[in-house]
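In what follows, a structure is listed as structure tokens, so that the remarks can point back to it.
There are 2 protein chains.
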Amino acid sequence: MSAVLPAAPAHPFAAELRGATLRLARRLRLEKADDELSDGQTSVLAYLERRGAQSPAALSAFEHVSPPSMNRTLNALQEAGYVDRTPSSDDRRMVSVSLTDAGRAVVQETRRRRDAWLEQRLDELSADERHALTEAATIIRKLLEA
Amino acid sequence: MSAVLPAAPAHPFAAELRGATLRLARRLRLEKADDELSDGQTSVLAYLERRGAQSPAALSAFEHVSPPSMNRTLNALQEAGYVDRTPSSDDRRMVSVSLTDAGRAVVQETRRRRDAWLEQRLDELSADERHALTEAATIIRKLLEA
DNA sequence: TATTGTTATACTCTATAACTATA
DNA sequence: TATAGTTATAGAGTATAACAATA
Numbered sequence: 001m002s003a004v005l006p007a008a009p010a011h012p013f014a015a016e017l018r019g020a021t022l023r024l025a026r027r028l029r030l031e032k033a034d035d036e037l038s039d040g041q042t043s044v045l046a047y048l049e050r051r052g053a054q055s056p057a058a059l060s061a062f063e064h065v066s067p068p069s070m071n072r073t074l075n076a077l078q079e080a081g082y083v084d085r086t087p088s089s090d091d092r093r094m095v096s097v098s099l100t101d102a103g104r105a106v107v108q109e110t111r112r113r114r115d116a117w118l119e120q121r122l123d124e125l126s127a128d129e130r131h132a133l134t135e136a137a138t139i140i141r142k143l144l145e146a
Numbered sequence: 001m002s003a004v005l006p007a008a009p010a011h012p013f014a015a016e017l018r019g020a021t022l023r024l025a026r027r028l029r030l031e032k033a034d035d036e037l038s039d040g041q042t043s044v045l046a047y048l049e050r051r052g053a054q055s056p057a058a059l060s061a062f063e064h065v066s067p068p069s070m071n072r073t074l075n076a077l078q079e080a081g082y083v084d085r086t087p088s089s090d091d092r093r094m095v096s097v098s099l100t101d102a103g104r105a106v107v108q109e110t111r112r113r114r115d116a117w118l119e120q121r122l123d124e125l126s127a128d129e130r131h132a133l134t135e136a137a138t139i140i141r142k143l144l145e146a
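So the sequences go chain by chain: H and Z. Take 1 as the starting number for the first sequence in full-length UniProt numbering and just add one per residue. Take 1 as the starting number for the second sequence in full-length UniProt numbering and just add one per residue.
As structure tokens, this is what we get:
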């Protein structure tokens, strides 16, 4: 009885969740510490802060971007003083990209601004509504890991 | 006692909500009906479907993009057969941008794919968790309107 | 003269293909 | 010969400035 592509949506509210998520994300992305940074550059810095030093190949895979495009992004970030490139001593073909102190600072400031914007909106909600969003954040994280 | 910029976050879970939202949105944006369409083009089509015909100026404002950039986006969408441009008969400087049937179809197919992806993830959750996300979607919409 | 939209031009971001260095 | 990274080159997307048409 199961179908790979059901004719009717199993969870009609998925459309509501999709719309709300895309619009909130769109609004959040407007808040950043350095307006000169592109979305791609901002995202790479955030990923490095979250996961630690990475190879250019790992970054291009995560960002769904070609290796040459990531290379250009890394050139810009290095030029701006936000990342360092360190060749591996084991295998000299490999490079490790890591955040500088300035890079870490810009990531943290961007997060601070986004959170500040969000907290102002949360202030206008009831305690129950805030509680519901807290739970939702946890569930969404679980959903993404599945 | 109130401060415009509080020293400590009033709602520490804002960071969780921010992270979950940005990552879910990132994943959702990968699903689209026409891989040739850029994110900006996809977003313009969705906006036209949601709000009806709009002027180029209104679209560039909503997309936070310059009028010439929007003009180029509209050229591409018109070339692809997804939008029409109709001059106003009242004020001949003004243009109305509207979806063609093909444009409407590609918006709906993109939404269908995103919802299908999301519904598969929702299937792996409990009924309580799905209920929590339903409520969250409503609250987020309210939050964005504030 | 002001406004709406478009064209001119230049710069950034992206991609594919080719190249370098190392293994 | 294969792999990680980079460079070469070209195609979109974006911006500011200038222009055209209309009011």
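Don't be surprised by glycine CBs; every beta carbon is placed ideally from N, CA and C.
A check of alpha carbon separations from Arg-121 of chain H across H:Leu-17, H:Leu-24, H:Thr-100 identifies H:Leu-24 as the nearest. Here Asn-71 of chain H has Pro-56 as same chain residues with Cβ atoms under 7 Å from its own Cβ, once five neighbours each way along the sequence are excluded. Checking the DSSP bridge columns, you'll see Asp-84 of chain Z partnered with Z:Ser-98.
Taking the Cα positions, Gln-41 of chain H is about 10 Å away from Tyr-47 of chain H. For Gln-54 of chain Z, DSSP records a beta bridge to Z:Val-97. The DSSP-derived three-state label of Ser-60 of chain Z is helix. Between Ala-58 of chain Z and Asp-115 of chain H a beta carbon distance of about 31 Å is seen, past the 8 Å cut, so the two are scored as non-contacting. Close partners of Asp-123 of chain H in chain Z (Cβ separation under 8 Å): Ala-10, His-11. Contact with chain Z is absent for Thr-110 of chain H, since none of that chain's Cβ atoms lies less than 7 Å from the residue's Cβ. In this model, Ala-137 of chain H and Ala-80 of chain H are separated by some 33 Å (Cα to Cα). One thing to note: Val-97 of chain Z has its Cβ no nearer than 7 Å to the Cβ of Pro-87 of chain Z.
Taking the Cβ atoms as the reference, Ala-127 of chain Z lies roughly 30 Å from Glu-124 of chain H, outside the contact range of under 8 Å. In chain H, no part has a C-beta under 7 Å from the C-beta of Thr-42 of chain Z; the shortest such distance is about 10 Å. Judged by beta-carbon spacing, Asp-34 of chain H lies beyond the 7 Å limit of Val-107 of chain H, meaning their Cβ atoms are not closer than that value. Using a Cβ distance threshold of 7 Å, Glu-31 of chain H and Trp-117 of chain H count as a contacting pair. Not flagged as an interface residue toward chain H: Leu-74 of chain Z, since no C-beta distance is shorter than 7 Å. Between Tyr-82 of chain H and Gly-52 of chain H, the C-beta spacing is not below 7 Å. Neighbours of Arg-51 of chain Z in chain H, taken as residues whose beta carbon is under 7 Å from its own, are absent, since the nearest beta carbon is some 13 Å off. With a contact defined as Cβ atoms closer than 8 Å, His-11 of chain H and Glu-119 of chain Z qualify at about 5 Å. Annotated three-state conformation of Glu-135 of chain Z is helix, per DSSP.
Counting along the chain, Pro-12 of chain H sits inside no alpha helix (DSSP H), nor does DSSP assign it H or E at all. Arg-111 of chain H is classed as buried because its beta carbon has at least 16 other beta carbons within 10 Å across all chains shown. In summary, Ala-61 of chain H is exposed, with fewer than 16 beta-carbon neighbours lying within 10 Å of its beta-carbon over all protein chains present.
Contact of Thr-100 of chain H with chain Z by beta-carbon distance below 9 Å is absent, the smallest such distance being about 23 Å.
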